[in-house]
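With the numbering used here applied, the sequence shown has no gaps in its numbers, which climb one by one up to 236 at the end.
Note that the Cβ used here is the ideal one computed from N, Cα and C, for glycine as well.
All values derive from a computational prediction rather than experimental measurement.
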Amino acid sequence: MTISVEKTPVPLAILISGRGSNMRAIGEAVAEGRVRGVVRVVVSNRADAAGLEWARQEGIETLVLPHQEAPTRDDYDRTLVDALKARGVRLVCLAGFMRLLGPRFCEAFPLAVLNVHPSLLPSFPGAGAQAQALEHGVKVSGVTVHFVTPELDAGPIVQQASVPVRDDDTCETLSARILVEEHRVYPEAIQRVIAGDWRVTGRRVVRAS
Ligand code: GAR
28 MTISVEKTPV
38 PLAILISGRG
48 SNMRAIGEAV
58 AEGRVRGVVR
68 VVVSNRADAA
78 GLEWARQEGI
88 ETLVLPHQEA
98 PTRDDYDRTL
108 VDALKARGVR
118 LVCLAGFMRL
128 LGPRFCEAFP
138 LAVLNVHPSL
148 LPSFPGAGAQ
158 AQALEHGVKV
168 SGVTVHFVTP
178 ELDAGPIVQQ
188 ASVPVRDDDT
198 CETLSARILV
208 EEHRVYPEAI
218 QRVIAGDWRV
228 TGRRVVRAS
């Protein structure tokens with residue numbers, strides 16, 4: 028892993044599809060020096076993603092790349108890779124980006140794509156993780172930050188945090204409790220990856236030293 032030894036801030040891309048609250052949490056952590064990175068570009072696959080407005084106000088470059096315009100997933104991945112490489116991006120942070128990225132993308136950024144997911148993976152991958160947790164009746168759920176591989180929500184886990192599931196929870200209340208932890212854990216995990224004292228052994232992300 029080489030992004031770690033950089034003395035200069037690591038160029039980041041943040042990919043969103045919606046409101047972008049995790050993107051803001053990362054942006055704030057960068058501004059406060061808790062993440063030693065610089066947000067080079069915010070990419071959305073949806074022109075109406077609310078988060079784009081925040082990025083524009085912050086003076087961060089925004090790109091809208093609608094996935095419907097790409098004939099295949101591979102074509103979309105190629106467009107995305109080209110756009111990020113052209114901007115010198117070293118670490119890609121998915122923040123509510125609701126598109127599966129294929130092998131082409133993952134191979135272009137090996138162990139350099141992170142995702143935040145609102146459950147304790149491997150439980151409840153995919154869409155509606157909080158509703159899945161409520162439906163299943165678990166008493167604890169949480170957040171997972173993991174490396175992205177072509178298999179949905181299945182890459183090596185960098186960091187997790189748990190929250191209780193309460194008897195009177197609705198999808199909204201549980202999601203809100205998890206989101207607080209997402210905003211705390213995701214910047215921490217990004218900085219851990221940037222700092223570089225880690226290696227992947229099997230599925231495990233462990234300290235290198
Ligand atoms: C977050 O809860 C994130 O964990 C989830 O979408 C939400 C995006 O919110 N992502 C997934 O479910 C990915 N499988 P945000 O746009 O406010 O960051």
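Does the Cβ of Thr29 have 16 or more other Cβ atoms within 10 Å, making it buried, or fewer, making it exposed?
Reliability fails at Thr29, whose pLDDT of 48 lies under 50, so the model's placement of it is uncertain and no value is given.
Cα-Cα separation between Arg73 and Leu128, rounded to whole angstroms:
15 Å
Let me know the secondary structure DSSP gives Thr29 once reduced to three states.
With a pLDDT of 48 at Thr29, under the threshold of 50, the predicted position of this residue should be treated as unreliable, though the coordinate-derived value follows. Of the three classes helix, strand and coil, the one that applies to Thr29 here is coil, per DSSP.
Neighbourhood of Asp224 by C-beta, 7 Å cutoff - its chain only, sequence neighbours within 5 removed:
So the list reads Arg234, Ala235 and Ser236, once near-sequence residues are dropped.
Please indicate yes or no: does the CB of Gly129 lie closer than 8 Å to some heavy atom of the ligand GAR?
no
Could you give the first and the last residue of the continuous beta strand (DSSP E) run that contains Val140?
Val140 to His144
Identify every run of the alpha helix (DSSP H) within the stretch 156 to 190, keeping only runs that are complete inside it and at least 4 residues long; order them along the chain.
156 to 163
Compute the distance between the beta-carbons of Arg193 and Leu206, then report whether it is under 9 Å.
no
Helix, strand or coil for Thr228? Go by DSSP, reduced to three states.
strand
Take Ala135 and list the residues in its own chain whose beta-carbon comes closer than 6 Å to its own, dropping the five residues that flank it on each side.
Val108
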